[in-house]
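See below for the structure under consideration.
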Amino acid sequence: MKPHVLVAVNGFTEKHMERIRQVLSDWATLEQINEETPESVFREKIGRSQIVVGWPKAEWLARSPVRLVQLGSVGYDAFLGNTHQEGTSFTLCNASGVMSVAVAEHLMAMMFALTRRISHHIRDMNEHKWSRQFEYEEVFDSTACIVGVGGIGTEIARRLRALGVRTIGVRREIGESHPYMDEMYPSSRLQEAVAQADHVILILPGNASTEKLFDTAMFASMKKGSYFYNLARGSIVDENALHAALSSGRLKGAGLDVFEVEPLPKGSPLWEMDNVIITPHSGGRSVKEFDRFCQLLLNNLMNYRDGKPFLNQVNL
């Protein structure tokens, strides 16, 4: 029997779907549904599929015939654990690399907006107010600590080095030297690394070992007057501790794209802080995002057909 491919990616255009059809040719069948398809219908269709593409909930895959899940995201937190694997066995691939450029550029936009006080100028512009009474900073000759040195962290470091920024990378194991890092630290020396930085950038996975990793003690370890950016997972940060660090002046500002609860509740005090830039988990969005995702999918569909190793396979 031919494998059935279920695609639930609203961002795919007819051009993308035609490319998928050409790769599947006559060896697999294809079905496209809306991401907002009712759960009961979605589950029923998963129950007839061998390959699922998009953002299915982990528990929907239990006791299904699915053999490959190609996620449209880098994060796969919901798949950690075994409940979704009851009665089934599948390979999970994420979208690592698809959003690296967009997230890196989003980080740069936040960094410049904070150091050049752009949000203040936008507010003044709305009030027709001409004010130059701000302390502007330069990114050049500063130090950035990138916590999480994968594809996105590498793209960030590449850009920062070009701007004359000293870069420090942190990951679980140092391994070989990194082409865009001036120094590398193991995660066991995280506090030592962040203490040196003018800019601390989170781009690491969210899991049990990183939950509330940045708490009161970690923020106290950071250089006074430094900037903090989270484009990773909201679960990594204790938002009460972050708010306190921003209010006390320990941190000069923050760029936040992810939160403990999303959407960020209207009552969160972070909304009211003029030294915080908030974006709605949009760091990875780009007009080129789905072109890259489609190419990744095509490669993995061919790998499935040919029995070759998958790209971006993750360990559960």
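Our numbering numbers the first residue of the sequence shown as 12 and each following residue consecutively. Ideal Cβ positions, reconstructed from N, Cα and C, are used throughout, including at glycine.
For L72, there is no enclosing beta strand (DSSP E), as DSSP marks it with neither H nor E. As DSSP reads the structure, I289 sits in a beta bridge with L267.
Each residue's CA atom was taken as its position, placing Y315 and W38 some 11 Å apart.
Around L309, the same chain offers R30, I31, V34 as residues with beta carbons nearer than 8 Å, after the five sequence neighbours per side are excluded. Relative to L17, the option among Q207, P197, V77, A69 whose CA is nearest is V77.
For V205, the secondary structure class from DSSP, reduced to helix, strand or coil, is helix. Buried is the label assigned to E166, since at least 16 other Cβ atoms lie within 10 Å of its Cβ. With fewer than 16 neighbouring CB atoms inside 10 Å of its own CB, M136 falls in the exposed class.
Residue environment analysis places E283 among the exposed positions, since fewer than 16 neighbouring C-beta atoms fall within 10 angstroms of its C-beta. Here T48 is not near V80, since their CB atoms are 9 Å or more apart. Here the C-alpha atom of L242 lies approximately 33 Å from the C-alpha atom of T99.
Beta-bridge partners assigned by DSSP to F239: V211, A265. The C-beta distance from Q207 to T154 rounds to 6 Å, short enough to fall under 8 Å. When C-beta atoms of the segment 267–280 are compared with those of the segment 234–253, three or more pairs fall below 8 Å, so the two segments count as touching. With respect to the C-alpha of E116, the residue from H254, R296, W141 having the closest C-alpha is R296.
Here the segment 212–219 makes contact with the segment 85–92; the two share three or more CB pairs at distances below 8 Å.
Counting only runs of 3+ residues, the beta strand (DSSP E) found wholly inside the segment 82–115 occupies 102–104, in chain order. Here the alpha carbons of R59 and K13 stand approximately 11 Å from one another. In the three-state DSSP reduction, L224 falls in the coil class, being neither helix nor strand. Rounded to the nearest whole angstrom, the C-alpha separation of H131 and R177 is 27 Å.
With a beta-carbon spacing of about 5 Å, G180 and I157 fall inside the 8 Å limit used to define contacts.
Short of 8 Å from the beta carbon of E42, and not among the five residues preceding or following it, lie these beta carbons of its own chain, in chain order: H15, V16, L17, V18, K56, S60. The DSSP-derived three-state label of L174 is coil.
Sorting Y147, H139, A168, I133 by C-alpha distance to the C-alpha of S111 places A168 at the top. In the DSSP assignment, E50 falls within the unbroken alpha helix (DSSP H) covering 50–57. In the DSSP assignment, L309 falls within the unbroken alpha helix (DSSP H) covering 300–317.
K234 and G260 have their alpha carbons spaced roughly 11 Å apart. E194 is bridged by DSSP to I179.
The beta carbons of K223 and D249 sit closer together than 9 Å. Note on geometry: alpha-carbon atoms of R182 and K277 lie some 34 Å from one another.
Annotation: the continuous beta strand (DSSP E) that includes Q43 extends over 40–43. Excluding its 5 nearest sequence neighbours in each direction, S75 has C-beta neighbours in its own chain below 7 Å: I57, G58, T99, listed in chain order. DSSP, reduced to helix, strand and coil, places H189 outside both helices and strands of the structure shown, so it counts as coil.
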